[in-house]
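In this note's numbering, the protein residues as written are 24 to 579.
Just so it is clear, CB atoms sit at the ideal spot from N, CA and C, and this is done for glycine as well.
Everything on this sheet refers to the single structure shown next.
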Ligand code: GLC
Ligand code: CA
């Protein structure tokens, strides 16, 4: 591909409001040395692709030394690079090359827990009870303690306590039993996590995703989530960042109800960003039910957030599509519509990629992508979803949505020159999603491909700050299958209208505040009839949607 012009990063503390984030795993992206594992040199080779796609921020899943029993979220060393992916020098080169192209980089700060192979744990289990070394982790003789904390990995774990024969005590873990939780009551743990943050921000990383952040503290008689102490820690962490590093961003992973989720923004003094977990399943519900209320209701329940803060919104990620925070009825509905095959279910969620979830229905994929790129917040795209990649629910855990990126119809989907048997995970050969048909090369060459369409939509989004920064207002419309909202920022007014139904639909929208303006459909630059005081009429094909710019009528 022809190299695009370089564009240096702008000095903008609120850059994350204008971001489009692309989530990827180094190991899944491109293998430069044929060992079957993606690496930093491989990723550097694909930066032109990412720049051309139209994203401006890369979120890298954990790439640190790790036994990889939880895909790297089980960290054995916070301040180096897993040798399979390259060296620290390779990372540094990657960061520079990304920055030269105007791409910012978010990495992971996984501080709730470590791998049980981390030297801190090896040391802790041998240290005498009560010593600062032992107290890096949370121990007990009584595994009935903290009984009100739920078990998150329900399909794999039966307790949040595991007996350690070396320490002769139980240790606390909210995730896998090989991932002991760090003890935030120990000031040395605060220091150690601040040190890890300093290391990566010191190298020039632009943002940090704070993994599993609601679970840092535990207290008897609570569900051990969202405790005040956790917020105290986050405020201290934020102060530390503010004092040392300009233009950086903290992104919370807090899978909670809307009010608790929003608490991770603090008063603008905790995390800058936070995933909107409550919205995600409601987008799929709205399409499944062909009704707008799931989206409207959850946005109404979402408290206003501080001026400097921003939601990160997403459709899919590297985990299961989580249904932990929806009602039992809603979960049953979601399983019925999106995971008939029980193999597609894991813990309380669905382990599928976007395209297979939507039965490879192009109109539905476009509709949901259109909403992702226009609802309030910063969108996060999951690697491969821009080409409608398939998954493999027969692989264990969440591996089915973490298979190699499909670059071409060549061996190993162009991901690796190595022996196909050596790949860290097999490429997708499902008949519908076979890599020979679903890949970047084929879709770049076809002007009607999902990839080319996604690029067009991203270009439109990037030209209008109202998507990232604008106000959000639902407009009344008589048809409940049609979602209608307006985004406004400075001189820009955008109108988004989406048909959640599979069938053609008419709608009448109250646009009276915009009387006299002309809606210009943004993909085709087509002028629609002028807005009057009367209800504005539109019709749609199944799953159709429009993005309009509302412009002054040309004076004659
Ligand atoms: C986060 C990650 C998930 C991981 C878990 C435990 O939820 O997104 O992939 O398994 O933390 O580390
Ligand atoms: Ca490699």
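**OP:** Taking only the alpha-carbon atoms, compute the straight-line gap between residue 203 and residue 474 and give it to the nearest angstrom.
**Re:** Your numbering for residue 203 matches position 180 in the chain shown. Your numbering for residue 474 matches position 451 in the chain shown. Cα-Cα distance, rounded: 41 Å.
Original post:
Residues in its own chain within less than 6 Å of residue 287 by CB, not counting five upstream and five downstream?
Top reply: Along the chain shown, one-based indexing puts residue 287 at 264. Excluding positions up to five away in sequence, the list reads 275, 277, 293, 294 and 297.
Original post:
What residue does the alpha helix (DSSP H) around residue 64 start on, and which one ends it?
Top reply: Numbered from 1 along the chain shown, position 41 holds the residue referred to as residue 64. Counting along the chain, the alpha helix (DSSP H) containing residue 64 begins and ends at 63 to 67.
Original post:
Can you pull the DSSP bridge partners for residue 550?
Top reply: Walking along the chain shown from the start, residue 550 turns up at place 527. In DSSP, residue 550 forms a bridge with 543.
Original post:
What's the C-alpha gap between residue 32 and residue 227?
Top reply: For the purposes of this step, residue 32 is taken as residue 9 along the chain shown, with counting starting at 1. For the purposes of this step, residue 227 is taken as residue 204 along the chain shown, with counting starting at 1. Distance between the alpha carbons of residue 32 and residue 227: 12 Å.
Subject >> Option in 570, 323 and 88 with minimal Cα separation from residue 395 >> reply: Residue mapping note: residue 395 aligns to position 372 of the chain shown, counting from 1. Looking at the Cα atoms, 570 is the closest of the given residues.
Subject >> Distance cut-off 7 Å: residue 419 Cβ against heavy atoms of ligand 2 >> reply: Indexing the chain shown from 1 puts residue 419 at position 396. Every heavy atom of ligand 2 is 7 Å or more from the Cβ of residue 419, so no.
Original post:
Counting Cβ pairs, one atom from each stretch, are 3 or more of them under 8 Å apart for the segment 32 to 49 and the segment 397 to 409?
Top reply: yes
Original post:
Do you know offhand how far residue 257's Cα is from residue 213's?
Top reply: Counting from 1 along the chain shown, the entry for residue 257 is found at position 234. Counting from 1 along the chain shown, the entry for residue 213 is found at position 190. Roughly 10 Å between the two C-alpha positions.
Subject >> Counted within 10 angstroms of its Cβ, other Cβ atoms place residue 468 as buried (16 or more) or exposed >> reply: Here residue 468 refers to the residue found at position 445 of the chain shown. The residue in question, residue 468, is exposed, as its Cβ has fewer than 16 Cβ neighbours within 10 Å.
Subject >> Simplified DSSP assignment, three categories, for residue 78 >> reply: Counting from 1 along the chain shown, the entry for residue 78 is found at position 55. Coil.
Original post:
Where residue 453 and residue 413 are concerned, what is the direct C-alpha to C-alpha distance, given to the nearest angstrom?
Top reply: Translated into positions along the chain shown, residue 453 becomes position 430. Translated into positions along the chain shown, residue 413 becomes position 390. So the alpha carbons of these two residues sit roughly 8 Å apart.
Original post:
Among the residues of its own chain, which have a CB less than 8 Å from the CB of residue 207, if the five just before and after it don't count?
Top reply: Here residue 207 is taken as the residue at index 184 of the chain shown, counted from 1. Answer for residue 207: 213, 239, 240, 252, 253 and 256, listed in chain order.
**OP:** Please confirm whether residue 368 and residue 424 have their CB atoms less than 8 Å apart.
**Re:** Position 345 of the chain shown, counted from the start, is the residue given in the question as residue 368. Position 401 of the chain shown, counted from the start, is the residue given in the question as residue 424. No, these two residues do not count as a Cβ contact at 8 Å.
Original post:
Given residue 416, which residues of its chain have a CB within under 8 Å of its CB, disregarding the five upstream and five downstream residues?
Top reply: For this step, residue 416 is matched to residue 393 along the chain shown. Once the five neighbours on either side are set aside, the close Cβ partners of residue 416 are 364, 366, 367, 374, 375 and 423.
**OP:** Entirely within the segment 341 to 428 and at least 3 residues each: give me those beta strand (DSSP E) ranges in chain order.
**Re:** 401 to 405
**OP:** Label residue 579 either buried or exposed according to how many other C-beta atoms from any shown protein chain fall within 10 Å of its C-beta, with 16 as the threshold for buried.
**Re:** For the purposes of this step, residue 579 is taken as the residue at position 556 of the chain shown. No answer about residue 579 holds up, because its pLDDT of 48 lies below 50 and its placement is not dependable.
Subject >> When 51, 359 and 178 are compared against residue 420, the one with the closest alpha-carbon >> reply: Here residue 420 is taken as the residue at index 397 of the chain shown, counted from 1. Closest by alpha carbon: 178.
**OP:** Rounded to whole angstroms, what's the CA-CA distance from residue 97 to residue 334? Just pull it up for me.
**Re:** The residue labelled residue 97 in the question sits at position 74 within the chain shown. The residue labelled residue 334 in the question sits at position 311 within the chain shown. So the two alpha carbons sit approximately 26 Å from each other.
Original post:
Can you give the beta carbon distance from residue 520 to residue 568, rounded, assuming they're within the 8 Å contact cut?
Top reply: Translated into the one-based positions of the chain shown, residue 520 becomes position 497. Translated into the one-based positions of the chain shown, residue 568 becomes position 545. So it is a contact: roughly 6 Å between Cβ atoms.
Subject >> Continuous beta strand (DSSP E) stretch holding residue 575: start and end >> reply: One-based indexing of the chain shown puts residue 575 at position 552. 568 to 575 is the span of the beta strand (DSSP E), which, as asked, contains residue 575.
Original post:
For residue 477, which residues of its own chain have a beta-carbon under 7 Å away from its beta-carbon, when the five flanking residues on both sides are left out?
Top reply: Here residue 477 refers to the residue found at position 454 when the chain shown is read from its first residue. Only 392 and 409 meet the Cβ criterion.
Original post:
Straight-line CA distance for residue 36 to residue 349?
Top reply: Here residue 36 refers to the residue found at position 13 of the chain shown. Here residue 349 refers to the residue found at position 326 of the chain shown. Rounded to the nearest angstrom, the two C-alpha atoms are 35 Å apart.
Original post:
Would you call the CB atoms of residue 283 and residue 246 closer than 8 Å?
Top reply: The count along the chain shown starts at 1 and reaches residue 283 at position 260. The count along the chain shown starts at 1 and reaches residue 246 at position 223. The answer is no: Cβ separation not under 8 Å.
**OP:** Could you pull the start and end residues of the alpha helix (DSSP H) that residue 120 belongs to?
**Re:** Counting from one through the chain shown, the residue named residue 120 turns up at place 97. Taken as a continuous stretch (DSSP letters only), the alpha helix (DSSP H) holding residue 120 covers 111 to 123.
Original post:
So which residues touch the region around ligand 2, with touch meaning a C-beta under 5 Å from any heavy atom?
Top reply: 54, 56, 58, 60 and 62
**OP:** Along the alpha helix (DSSP H) that carries residue 316, what are the first and last residues, could you check?
**Re:** Position 293 of the chain shown, counted from the start, is the residue given in the question as residue 316. Element bounds for residue 316: 316 to 324.
Original post:
Near residue 158, which residues of its chain fall below 6 Å by C-beta distance, leaving aside the five closest residues on each side in sequence?
Top reply: One-based indexing of the chain shown puts residue 158 at position 135. For residue 158, where only same-chain residues beyond five positions count, the Cβ hits under 6 Å are 206 and 209.
**OP:** Tell me whether residue 223 sits in a helix, a strand or coil according to DSSP, three-state version.
**Re:** As a first step, residue 223 must be located in the chain shown, where it is residue number 200. Looking at residue 223 - three-state DSSP - the assignment turns out to be helix.
Subject >> Pairwise C-alpha distance: residue 457 and residue 464 >> reply: Locating residue 464 in the chain shown gives position 441, where the first residue counts as 1. Locating residue 457 in the chain shown gives position 434, where the first residue counts as 1. Each residue's alpha carbon lies about 14 Å from the other.
**OP:** Please confirm whether any heavy atom of ligand 4 lies closer than 7 Å to the CB of residue 282.
**Re:** Ligand 4 is not among the ligands present in this structure, which contains only ligand 1 and ligand 2.
Original post:
Exposed or buried, what is residue 471 when buried is set at 16 or more other beta-carbons lying within 10 Å of its beta-carbon?
Top reply: Position 448 of the chain shown holds residue 471. Classification of residue 471: exposed, given that the 10 Å Cβ count is below 16.
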